[in-house]
Structure formats: structure tokens, C-alpha cells
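Asker: Below you will find the structure I want to go over with you.
2 protein chains.
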Amino acid sequence: MQRVCFTLQVKPGRLDEYRLRHREVWPDMLDALRRTGWTNYSLFLRSDGLLIGYLETPDFEAARAGMDLEPVNARWQSQMRDFFIDPGARDPDKQMLSIEEVFHLD
Amino acid sequence: MQRVCFTLQVKPGRLDEYRLRHREVWPDMLDALRRTGWTNYSLFLRSDGLLIGYLETPDFEAARAGMDLEPVNARWQSQMRDFFIDPGARDPDKQMLSIEEVFHLD
């Protein structure tokens, strides 16, 4: 199992709306994540808009590639894109760079 | 089980040394963490020095209070203090504020 951590930056004025949207993630989006191996997946939102993702998956590249093939993901990402600051205007899932793990204790 | 995420900021010139030190965390420090309920505990280090901690524990306040009573923790924190940027010059473990979880998928 890989432990994966990534960061994104939510726009300052959109934090409340981001929180609300994530209380009601579409069931078919959740199903797609489960089907493609995203487990123990949490998002944490710091008050300055730093968003931290953590998940466990057999293979992060495969999990991302799997979601790329899910039509619901394209719809979700297109709705999420405007919540984030990204100079490249990429879909949020394309901004998820895995951060180096420097310590682990089971 | 609580899922806890916190951030700290490592000084720009100290990243390599921080990595090295965390490959060789003292065994009695690891034992103290285990004894006080720090499980599935990872540290991730972004290239700009943002350090992200993730752990699972029955009660984060109890886990912190437990470590406060471990003599090895005082020695470890005093050695770690200088790695971090903190206006308050606190020990690193006193800077660990739990960040709001806005989404979770088992």
C-alpha cells in the first residue's frame, strides 16, 4: 500500500463553499473513487486555504489513471476547478503531486 | 479513531538534515510514540519545507499529553526545535495544531 499526500490551494473566498460541497460528494463519485483504489482518503483544509489530501492505495498512478477513465470524475473536476488557485488552470486532480514521505511509524 | 493532520515549516537550509534525522529516529522515541497512541503516523516534506504530519489516534489531546510525560520526547523536541520556523520559538510538538477534516472516504 502506498501512502500518498498532496496539497492544493483553495481560493480565499471559497472555503465555506468548498466545505459544503465536500459534505455532499456525489455517490457515483464516491463509488468511482472506491472502484479505482482510493482508500482511507481524507481532505484537510487549513484556514488559509491550504488543502491537504491523504490516501492509501496500492498504486497512486493506477488510481489516478483509473479516475481518468470515469466519466463522473470529468464532471466533478470541471466543477471543482474554479475553487483552486493554479497558474496552469489544470483540473484539480492534475495538480495532485505526491509529496515525499520522510518518516513513518505503523 | 481520530485522523489528525498538522503542518510545520522547516527552515529552507535544513531539509536534507531533517530527512536524515528522520531515517534514524531513536528507538526509545518510537517506543514512546507507540505507547502513547500515535499510529499510522507519517511525515511528508514538500520541497519548500512545508512539513505535513498525518496520524491516527484514539484521542489526539491524550496522545500529546502522553508524550509530554515522556522524558525522551523533551530531548527529541529540543534537538528538533532549531529545524523549524516558528515566531513563538515553541518546541515543534507545541506547534501541532489539528487541521479541519472536510472529507473522508473509508
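As they're listed, the protein sequences go chains C and E.
Anchor point for the first sequence: position 85 equals 85 in my numbering, and the numbering is continuous, going up by one each time.
Anchor point for the second sequence: position 60 equals 60 in my numbering, and the numbering is continuous, going up by one each time.
Ideal Cβ positions, reconstructed from N, Cα and C, are used throughout, including at glycine.
Quantities reported herein were computed from a predicted structural model and do not represent experimental measurements.
1) Counting only beta-carbon atoms, is LEU30/E nearer than 8 Å to chain C?
2) Using only the alpha-carbon positions, how far apart do GLN79/C and VAL25/C sit?
3) By the 7 Å beta-carbon criterion, what residues does the stretch 92–106 of chain E contribute toward chain C?
4) In three-state DSSP terms, what is LYS25/E?
5) With a CB to CB cut of under 7 Å and the five nearest residues on each side skipped, what residues in its chain are close to ALA32/C?
6) Return the CA-CA distance between ARG34/E and PHE84/E, expressed in angstroms with no decimal places.
7) Under the rule that 16 or more other beta-carbon atoms within 10 Å means buried, what is LEU8/E, buried or exposed?
8) Helix, strand or coil: how does DSSP classify ARG81/C here?
9) Can you name the residues that DSSP bridges to TYR41/C?
10) Find the nearest neighbour of GLN77/E within the set PRO92/E, VAL10/E and GLU17/E, judged by alpha-carbon distance.
11) Just to make sure I have the definition right: I need the residues of chain C whose C-beta is within less than 7 Å of the C-beta of TRP38/E. Which are they?
12) Using the three-state DSSP reduction, which class does ARG14/C fall into: helix, strand or coil?
13) Using only alpha-carbon positions, find the residue among CYS5/E, LEU105/E, MET29/E and ALA89/E that is nearest to LEU51/C.
14) So, at 6 Å on beta carbons, what are the nonlocal neighbours of GLY53/E in its own chain, with the 5 sequence-adjacent residues on each side left out?
15) Drop a sphere of 10 angstroms on the beta-carbon of ALA63/E, count the other beta-carbons inside from all chains shown, and report buried for 16 or more, exposed for fewer.
16) If ASN40/E sits next to ASP59/C, beta carbons under 8 Å apart, how far is it from one beta carbon to the other, in whole angstroms?
Answerer: Let me lay it out:
1) yes
2) 12 Å
3) ILE99, GLU100, GLU101, VAL102, PHE103, HIS104, LEU105 and ASP106
4) Per the sequence presented here, residue 25/E reads as Val, with Lys not at that position. Three-state result, VAL25/E: coil.
5) MET67, GLU70, VAL72 and ASN73
6) 24 Å
7) buried
8) helix
9) LEU105/E
10) PRO92/E
11) LEU105
12) helix
13) CYS5/E
14) PHE6 and LEU43
15) buried
16) With 8 Å as the limit, ASN40/E and ASP59/C do not qualify as a contact, their Cβ atoms being about 19 Å apart.
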